[in-house]
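In the UniProt record's numbering, the protein residues as written are 1 to 407.
Note that the Cβ used here is the ideal one computed from N, Cα and C, for glycine as well.
First up is the structure itself, then whatever we jot down about it.
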Ligand code: HEM
């Protein structure tokens, strides 16, 4: 594909498009499809009725009687992304069932075979990823209306009512806010190439202000996501089978591999936006500890390949940080620091959210006192399987360390 040869250095918007980055929705899939060809109606039926089928105890039986469908007729990127989303929902529901600990360790071949073939085509793992449930799982209610929470919906639901809608759509809206900052990247790289300090300074300030706006969008999570439902219901359906004591060996994809495979669950850590600005600003996540950097690298393998390529090409491009450091222009350094501060403030805010949506409900569930120092295994595991607070704090501190000016 062409995106292997071009670099965002060469600037213009068309080049970002080569990396499947859209001018309005950034890393999100523009106008995702809602329908598969009729041959796949049985998949859509299950995915559309997932909470009800789980409720009446019929979901697994419905999955087991699915015919084995070939994915050869799923032509085109958007159709394939929709099918990956649908199979991801079905797989999560099949494995976790009612979310009460009665789990399945084998995914039947009638679903495993097409799912793995399709995943291979897309370069995604055979598990529900952020690129499915957030980036490709949305529609506008009124197509002529704007991209606001009120005018949007998700395509598929998990049990937990509107909790999934809240979590997925607010994440998507953060992506959309960040899309305005992505647009500035080619301007930055071209300004460096032409040694145009004034344009570079303005572009950096522009990015910082978009990132602050993205943080404001984040506030909507409180209005739309209930901590108890998030922690007790949705988080279970997003969980993966890597580092998960309920499936210590992983999941056996029947008819595909002879041994179980481990994959991490769906997490916004698989979003490209924060990583993209880390790379652009030369923030070394390894400064926050090897394991955090390793986890973030691993999360890249859950992103669409075009987005992974974009991050690689940014890494291979000129270093904004080195350029700023090599110039004695104080206002340029200040503009760079403003971007870093914006990222730190996003990560700070995210940490508060994680405390509210994971740490506190976990403590309540395990009947622990809120002042207790020792974290339990429950409160310590994110859906991606990390030791969350340590991980998130080290990512934040590596970001802070990149400030050129202290204080
Ligand atoms: C209820 C809301 C949220 C919760 C409970 C939450 C939880 C978590 C957890 C537990 C992690 C650690 C990795 C893992 O094990 O999965 C994580 C990482 C991450 N999350 Fe969230 N998250 C939420 C919303 C969001 C949103 C809306 C975004 C932005 C679109 C986001 C972006 C990230 C990123 C980029 C990371 C990787 C760490 C970093 O780069 O700072 N999260 N999140």
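Under a Cβ-count criterion, where at least 16 other Cβ atoms within 10 Å of its own Cβ denotes burial, should residue 303 be classed as buried or exposed? Buried: at least 16 other Cβ atoms inside 10 Å.
Name the two residues that bound the continuous alpha helix (DSSP H) containing residue 273. 272-281 is the extent of the alpha helix (DSSP H) around residue 273.
If you drop the 5 nearest sequence neighbours on each side, which residues of the same chain put their C-beta closer than 8 Å to that of residue 326? Apart from sequence neighbours up to five positions away, no residue of its chain approaches residue 326 with a beta-carbon distance below 8 Å.
Residue ranges of each alpha helix (DSSP H) within the segment 274-338, 4 or longer: Taking only runs of at least 4 residues, the alpha helix (DSSP H) segments lying wholly in the segment 274-338 are 290-300, 305-316, 320-326.
Quick check on residue 1: does DSSP put it in helix, strand or coil? Residue placement at residue 1 cannot be trusted, given a pLDDT of 38 that sits under 50; what the coordinates show is reported in the next sentence. Reduced to three states, the DSSP call for residue 1 is coil.
With hydrogens ignored, establish whether the beta-carbon of residue 402 is closer than 7 Å to any heavy atom of the ligand HEM. Residue 402 Cβ: outside cutoff for every heavy atom of the ligand HEM.
Kindly confirm or deny that the segment 273-293 and the segment 253-261 touch, where touching means at least three C-beta pairs closer than 8 Å. A contact is defined here as three or more CB-CB pairs under 8 Å, and the segment 273-293 fails this definition with respect to the segment 253-261.
State the Cα-Cα distance for the pair residue 21 and residue 276, rounded to the nearest angstrom. The straight-line gap from Cα to Cα measures roughly 12 Å.
Within 8 Å, strictly: CB atoms of residue 86 and residue 95: The answer is no: Cβ separation not under 8 Å.
Straight-line gap, residue 408 to residue 213 (C-alpha atoms, nearest Å): Summary: the structure shown does not reach residue 408, with the chain confined to residues 1 through 407, and so no result is reported for it.
Do residue 354 and the ligand HEM come close, with the Cβ less than 7 Å from some heavy atom? Annotation for residue 354 indicates a beta carbon within 7 Å of some heavy atom of the ligand HEM.
Can the beta-carbon of residue 64 be found less than 8 Å from the beta-carbon of residue 53? The criterion of a C-beta distance shorter than 8 Å is not satisfied by residue 64 and residue 53.
Any heavy atom of the ligand HEM closer than 7 Å to the Cβ of residue 274? Between the ligand HEM and residue 274, a heavy atom-to-CB distance of less than 7 Å is present.
Could you check the C-alpha separation between residue 162 and residue 84 for me, to the nearest Å? Spanning the alpha carbons of residue 162 and residue 84 requires a straight line of approximately 22 Å.
Starting from residue 106, follow its DSSP beta bridges and name the residues at the other end. Its beta-bridge partners are 252.
Backbone CA spacing between residue 203 and residue 181 [nearest angstrom]: Cα-Cα distance, rounded: 9 Å.
Alpha helix (DSSP H) runs contained entirely in the segment 195-233, provided each spans 4 or more residues: Taking only runs of at least 4 residues, the alpha helix (DSSP H) segments lying wholly in the segment 195-233 are 197-218, 221-224.
Taking three-plus beta-carbon pairs below 8 Å as touching, is the segment 178-198 in contact with the segment 163-170? These segments do not touch.
Would you tell me roughly how many angstroms separate the C-alpha atoms of residue 388 and residue 312, rounded to the nearest one? When rounded, the distance between both Cα atoms is 26 Å.
Pick out the complete beta strand (DSSP E) segments inside the segment 92-178, 3 residues or longer, and give them in chain order. Look at the segment 92-178 and you find these whole runs of beta strand (DSSP E), each 3 residues long or longer: 138-140, 152-154.
Terminal residues of the continuous alpha helix (DSSP H) containing residue 358? Where residue 358 is concerned, there is no enclosing alpha helix (DSSP H), because DSSP gives it neither an H nor an E.
When every heavy atom of the ligand HEM is checked, does at least one fall within less than 7 Å of the C-beta of residue 328? No.
Taking only the alpha-carbon atoms, compute the straight-line gap between residue 318 and residue 186 and give it to the nearest angstrom. Between residue 318 and residue 186, the C-alpha separation is close to 11 Å.
Straight-line CA distance for residue 349 to residue 356? Per the coordinates, the alpha-carbon of residue 349 lies some 11 Å from the alpha-carbon of residue 356.
Just reading off the alpha helix (DSSP H) that residue 408 is part of, what are its end residues? Absent from the structure is residue 408, since the part of the chain shown begins at 1 and ends at 407.
So, using beta-carbon positions, are residue 211 and residue 339 closer together than 8 Å? The Cβ-Cβ distance between residue 211 and residue 339 falls below 8 Å.
Write down the C-beta distance between residue 33 and residue 105 rounded to the nearest angstrom, noting that I regard them as a contact closer than 8 Å. The distance from the Cβ of residue 33 to that of residue 105 is about 32 Å, inconsistent with a contact at the 8 Å cut-off.
Measuring alpha carbon to alpha carbon, tell me which of 250, 179, 255 ends up nearest residue 111. For the residues 250, 179, 255, the minimum Cα distance to residue 111 belongs to 255.
Helix, strand or coil: which one does DSSP assign to residue 261? In the structure shown, residue 261 sits in a strand (DSSP, three-state: E or B).
Just to confirm before moving on: does the CB-CB distance between residue 147 and residue 176 stay below 8 Å? In this structure, residue 147 places its C-beta atom within 8 Å of the C-beta atom of residue 176.
Should residue 56 be labelled buried (16 or more other beta-carbon atoms within 10 Å of its own) or exposed? Counting C-beta atoms within 10 angstroms of its own C-beta, residue 56 has fewer than 16 neighbours from the protein chains shown and is therefore classed as exposed.
Sorted by chain position, which residues of the same chain lie with C-beta nearer than 6 Å to residue 409's C-beta, five sequence neighbours on each side aside? Only positions 1 to 407 of the chain appear in this structure, which leaves residue 409 out of reach.
Straight-line gap, residue 224 to residue 153 (C-alpha atoms, nearest Å): Going from the Cα of residue 224 to the Cα of residue 153 covers about 12 Å.
May I ask which residues mark the beginning and end of the alpha helix (DSSP H) holding residue 51? Note, residue 51: alpha helix (DSSP H), 50-55.
Which residue marks the beginning of the alpha helix (DSSP H) containing residue 30, and which one marks its end? Annotation: residue 30 is outside any alpha helix (DSSP H) and is labelled neither H nor E by DSSP.
Report the rounded CA-to-CA distance for residue 272 versus residue 132, giving the unit in angstroms. Distance between the alpha carbons of residue 272 and residue 132 is about 13 Å.
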